[in-house]
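Take our numbering: the last position of the sequence shown gets the number 268, and nothing is skipped along the way.
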Amino acid sequence: MQVIKALLRFLSYLYHGLLCLLLMALSGVAMIGSGPALKMEMLPWTGSTLLNAMFFGGLLGLVVLLLAIRGTLRPLFFAWALVVPVMMVKGYLLSNYHFTPEEFQKVIYLLVGSLIALIGAWLQMVRRQAA
Numbered sequence: 138m139q140v141i142k143a144l145l146r147f148l149s150y151l152y153h154g155l156l157c158l159l160l161m162a163l164s165g166v167a168m169i170g171s172g173p174a175l176k177m178e179m180l181p182w183t184g185s186t187l188l189n190a191m192f193f194g195g196l197l198g199l200v201v202l203l204l205a206i207r208g209t210l211r212p213l214f215f216a217w218a219l220v221v222p223v224m225m226v227k228g229y230l231l232s233n234y235h236f237t238p239e240e241f242q243k244v245i246y247l248l249v250g251s252l253i254a255l256i257g258a259w260l261q262m263v264r265r266q267a268a
């Protein structure tokens with residue numbers, strides 16, 4: 138059972154690390170290039186607000202992730218991991234966002250991945266420190 142818990146914690150760290158890096162990379166390239174032309178209809182922001190929210194959100198997520206790995210502020214990482222699937226459900230499924238059937242399958246994979254990462258974040262939060 139401990140191996141499964143450790144694997145879920147690792148997958149949570151990996152998922153959120155890659156998500157944060159992707160958010161920062163997308164917004165960074167958009168800031169350097171065309172600026173506010175980036176459109177992410179599943180997110181509630183537009184223009185430069187979208188770019189700032191993506192970049193600083195990714196940066197905040199990385200800081201929280203690193204703190205959780207070090208063993209400090211683990212509940213904050215769980216809160217971050219909880220916000221991700223909530224934003225995905227709200228943006229993809231509960232909004233007027235339209236996607237193709239192939240895209241729907243990818244969204245479901247992303248959502249399931251975020252839920253698995255949420256379980257791993259919960260497990261890292263309740264993990265006891267080694268004495």
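For every residue, glycine included, the Cβ atom is placed at its ideal position computed from N, Cα and C. All of these numbers come straight from a predicted model, not from anything done at the bench.
Should residue i go down as buried or exposed, given a rule of 16 or more other Cβ atoms within 10 Å for buried?
i, result
"Trp182", "exposed"
"Phe241", "exposed"
"Gly198", "buried"
"Ala218", "buried"
Just to confirm my understanding: we take residue i, look at its own chain, exclude 5 residues before and 5 after, and list those with CB closer than 7 angstroms. What are they?
i, result
"Ile206", "Tyr150"
Skipping 5 residues on each side, what residues in its chain have a beta carbon closer than 6 angstroms to that of residue i?
i, result
"Ala167", "Leu175, Leu188"
"Tyr152", "Gly250, Ala254"
Thinking C-alpha only, which one of the options is nearest residue i?
i, options, result
"Leu210", "Ala258, Met161, Leu145", "Ala258"
"Tyr234", "Ala162, Met177, Leu159", "Met177"
"Met161", "Gly194, Leu260, Val221", "Gly194"
When you compare the CB positions of residue i and residue j, do they come within less than 8 angstroms of one another, or not?
i, j, result
"Ile245", "Leu145", "no"
"Ser164", "Phe192", "yes"
"Met225", "Leu202", "no"
Tell me which same chain residues have a C-beta within less than 8 angstroms of the C-beta of residue i, skipping the five on either side of it?
i, result
"Val263", "none"
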